[in-house]
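Notes follow the structure.
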Amino acid sequence: MALKRAGQTVAVVEAARVGTGVTGHTTGKVTSLHRLAYTELAGSHGDDAARTYGRANQAAIEHIARTVSGEGLDCGFRRVANYTYAETDDALVRVRDEAALAASLGLPSAFTSDAPLPFPVKGAVRFDGQAQIHSVRYLQGLAGAVHGDGSFVFEESPAVSLRDGSPAVVTTERGSVRARDVIVATNVPFGDRGAFDARCYPHRSYLTASLATGPRLDDAFRNSSFISVDEPMRSILTVDVDGTSYVLPGGEGHRASDVGDAAERYGRLAAFARDRLGAGETAFRWSTQDAMPVDGLPYVGLMSPEARHVHVITGLRKWGLTNGTAAALILTDTLCGRHSAWAAVFDSNRAVPAMDAVAPAPTGTAPPSHAPGQPGPSQPVPGAGPARPAPGEGKVIEVDGEPTAVYARPGGQMEAVSAICTHLGCTVGFNAADVSWDCPCHGSRFATDGTVIQGPATKNLPPRPLP
Ligand SMILES: Cc1cc2nc3c(=O)[nH]c(=O)nc-3n(C[C@H](O)[C@H](O)[C@H](O)COP(=O)(O)OP(=O)(O)OC[C@H]3O[C@@H](n4cnc5c(N)ncnc54)[C@H](O)[C@@H]3O)c2cc1C
Ligand code: FES
Numbered sequence: 000m001a002l003k004r005a006g007q008t009v010a011v012v013e014a015a016r017v018g019t020g021v022t023g024h025t026t027g028k029v030t031s032l033h034r035l036a037y038t039e040l041a042g043s044h045g046d047d048a049a050r051t052y053g054r055a056n057q058a059a060i061e062h063i064a065r066t067v068s069g070e071g072l073d074c075g076f077r078r079v080a081n082y083t084y085a086e087t088d089d090a091l092v093r094v095r096d097e098a099a100l101a102a103s104l105g106l107p108s109a110f111t112s113d114a115p116l117p118f119p120v121k122g123a124v125r126f127d128g129q130a131q132i133h134s135v136r137y138l139q140g141l142a143g144a145v146h147g148d149g150s151f152v153f154e155e156s157p158a159v160s161l162r163d164g165s166p167a168v169v170t171t172e173r174g175s176v177r178a179r180d181v182i183v184a185t186n187v188p189f190g191d192r193g194a195f196d197a198r199c200y201p202h203r204s205y206l207t208a209s210l211a212t213g214p215r216l217d218d219a220f221r222n223s224s225f226i227s228v229d230e231p232m233r234s235i236l237t238v239d240v241d242g243t244s245y246v247l248p249g250g251e252g253h254r255a256s257d258v259g260d261a262a263e264r265y266g267r268l269a270a271f272a273r274d275r276l277g278a279g280e281t282a283f284r285w286s287t288q289d290a291m292p293v294d295g296l297p298y299v300g301l302m303s304p305e306a307r308h309v310h311v312i313t314g315l316r317k318w319g320l321t322n323g324t325a326a327a328l329i330l331t332d333t334l335c336g337r338h339s340a341w342a343a344v345f346d347s348n349r350a351v352p353a354m355d356a357v358a359p360a361p362t363g364t365a366p367p368s369h370a371p372g373q374p375g376p377s378q379p380v381p382g383a384g385p386a387r388p389a390p391g392e393g394k395v396i397e398v399d400g401e402p403t404a405v406y407a408r409p410g411g412q413m414e415a416v417s418a419i420c421t422h423l424g425c426t427v428g429f430n431a432a433d434v435s436w437d438c439p440c441h442g443s444r445f446a447t448d449g450t451v452i453q454g455p456a457t458k459n460l461p462p463r464p465l466p
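Under numbering that gives the first Met the number 0, the first residue of the sequence shown is numbered 0, with each subsequent residue one higher.
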């Protein structure tokens, strides 16, 4: 939309429907207070980079506010205060430091010992003038505003190949688009020539929506959003949808490669909503994952040092509503021939530390040992064995010597697809809570019929004979 407003004609090529990706599964916080980001970024990149990150995210909030009012988007945009809160003495020191640092960087930050939560806290960083949105309605509204006057939104058009040049060409399953410039904003980059799968790691989190009915959830609570410093990390937001008010506790984050019981994770969030917030019953639950940059800063710019007209946005570090908007503003400036004061800090081709130094793989998992672009080794087959899965279960089974992902629908009907991820060849595992086949290496996810849900894989898992 920013490019269209700047006088460009654009084509959005979307594999599925607008709003079905990660952004459609967010909590909906539109904020520049990203837990303790400023302490972390000032420590690793210096105060100037932290200041730029904060300015870019603050500008993103205001850009979203202007877009919502300018385009008349009905997406529940409202202003809230956002808090990072501490329940322990150690966390209290950290929120005091974050509040002081963020204020010194020019951000709307203050320390308070009075966060409007229904349980006692020791103190919090408070950012005023923050916001929240219903992200699916926002995206659908944006798409409606983009389409027309020579610009297009093509849904259900998965891109299958990409060629840099003049023009650059994106080929989809339904035709191709020629453009002066291409921006790859597919969460984990499609057509990755910048080895972003070695510079980002997928991190998964869970959300539940409980009825916001308890007497402890007063107006001050409802007009605020929160995130904890202490572990287990909890993110909290209240949202009104079609006349019903829900409180959304989120958390239970883990690297996508970490195995764990998703049902237990949802159970802990529901218990938090009930016991600590006094909320009503859980109405919905969902999870999603985002690309985490190894050095804490998103990647925005050319896809690789050699690229000429192919740009990338990735590594939005679980704060993509503002980081993604800041990225869009950077690339709008770049493509319109203007200088962006933020581009150097978000530079997609900067040197970054090795993944293992920053985000070591959790024990018990085997990250791919192959170079990106090369066929990967098959990982040990989890749950291999002759037994078929019970109804509602998925299991990886050797069939004719091939690892095969077999899912038994609740009615008993079986689906069998290859268990070898079409990205770089790791073996997928069954995600029982979300009923999907998930790849532990770079986070690709597939439906039980093999259809890609989330990249970097672009090809479906092919069907296999039933065991
Ligand atoms: C649980 C959770 C809660 C979060 N809450 C917040 C929050 O409150 N506030 C916040 O700022 N951030 C939040 N985040 C982070 C935020 O959701 C992400 O940073 C952001 O949504 C990532 O956006 P994206 O554009 O990279 O990916 P997506 O939203 O997934 O967009 C990528 C799109 O590309 C499409 N695509 C993929 N491959 C292809 C292809 N080959 N051809 C064509 N199209 C393709 C996909 O279908 C998708 O629609 C949260 C993250 C998680 C995990
Ligand atoms: S091998 Fe990379 S996502 Fe599966």
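Note that the Cβ used here is the ideal one computed from N, Cα and C, for glycine as well.
Quick caveat: nothing in here was measured; it's all calculated off a predicted structure.
- DSSP, reduced to helix, strand and coil, places Glu-263 within a helical segment of the structure shown.
- The three-state secondary structure of His-310, taken from DSSP, is strand.
- Between Val-145 and Val-152, the C-beta gap is smaller than 7 Å, which places the two residues in contact.
- Within a 10 Å sphere around the beta-carbon of Asp-437 sit 16 or more other beta-carbons, which makes this residue buried.
- Restricting attention to Ser-209, Gln-412, Asp-229, Pro-409, the CA atom closest to the CA of Thr-281 is found in Ser-209.
- Secondary structure of Lys-394 (DSSP, three-state): strand.
- Along the length of the region 196-257, whole beta strand (DSSP E) runs at least 3 residues long occupy 199-210, 223-227, 233-240, 243-254, reported in chain order.
- Each of Asp-399, Ala-326, Pro-439 was checked against the Cα of Ala-1, and the nearest Cα belongs to Ala-326.
- In the three-state reduction of the DSSP assignment, Phe-126 falls in the strand class.
- At a cut-off of 6 Å, the beta-carbon of Ser-435 does not count as near ligand 1: no heavy atom of the ligand is closer than that.
- According to the DSSP assignment, Asn-56 belongs to no beta strand (DSSP E) but to the alpha helix (DSSP H) extending over 46-70.
- Between Gly-164 and the set Gly-75, Glu-305, Gly-69, Ser-112, the nearest pair of CA atoms involves Glu-305.
- Contact annotation: Phe-225 and Tyr-84 have beta-carbon atoms nearer than 7 Å.
- Taking non-hydrogen atoms of ligand 1 into account, the C-beta of Lys-28 is found less than 6 Å away from one of them.
- For Gly-319, the enclosing alpha helix (DSSP H) starts and ends at 319-334.
- Taking C-beta separations shorter than 6 Å and ignoring five residues to either side along the sequence, the partners of Ala-261 in its chain run Ala-432, following chain order.
- CA-CA distance, His-308 to Ala-109, rounds to 42 Å.
- Under the three-pair Cβ rule at 8 Å, the region 159-173 does not count as touching the region 58-66.
- Inclusion of Val-416 and Ala-407 in the CB contact set at 7 Å is not warranted, their separation being larger than that value.
- Between the region 438-450 and the region 420-429, the count of Cβ pairs shorter than 8 Å is three or higher; the stretches touch.
- Sixteen is the threshold: when 16 or more other Cβ atoms of the shown chains lie within 10 Å of the Cβ of Pro-248, as they do, the residue is buried.
- Under the Cβ criterion (8 Å, minimum of three pairs), the region 281-299 counts as touching the region 44-54.
- Within 6 Å of the C-beta of Ser-417 there is not a single heavy atom belonging to ligand 2.
- Annotation for Leu-100 indicates a beta carbon at 6 Å or more from all heavy atoms of ligand 1.
- Taking each of Ile-396, Ala-211, His-422, Thr-19 in turn and checking the Cα distance to Asp-239, the smallest one comes out for Ala-211.
- Residue burial is scored here from C-beta neighbours: Gln-131 has at least 16 other C-beta atoms within 10 angstroms and is therefore classed as buried.
- Between Ala-142 and Val-17, the C-beta spacing is below 7 Å.
- When the beta-carbon positions are compared, Ser-150 and Lys-3 come within less than 7 Å of each other.
- Per DSSP, the beta-bridge partners of Tyr-406 are Gly-393, Glu-414.
- Judged by DSSP secondary structure, Val-94 falls within the alpha helix (DSSP H) whose first and last residues are 88-103.
- For Ser-204, the CB falls within less than 6 Å of some heavy atom of ligand 1.
- In the three-state scheme derived from DSSP, where H, G and I count as helix and E and B as strand, Leu-35 is classed as coil.
- Here Pro-115 is not near Ala-272, since their CB atoms are 7 Å or more apart.
- A Cβ-Cβ distance of about 13 Å is found for the pair Ala-123 and Val-92, leaving them out of contact under the 8 Å criterion.
- Per DSSP, Val-17 lies in no alpha helix (DSSP H) segment and is marked neither H nor E.
- By the Cβ-count criterion, Pro-390 is exposed, with fewer than 16 other Cβ atoms from all chains shown falling within 10 Å of its own Cβ.
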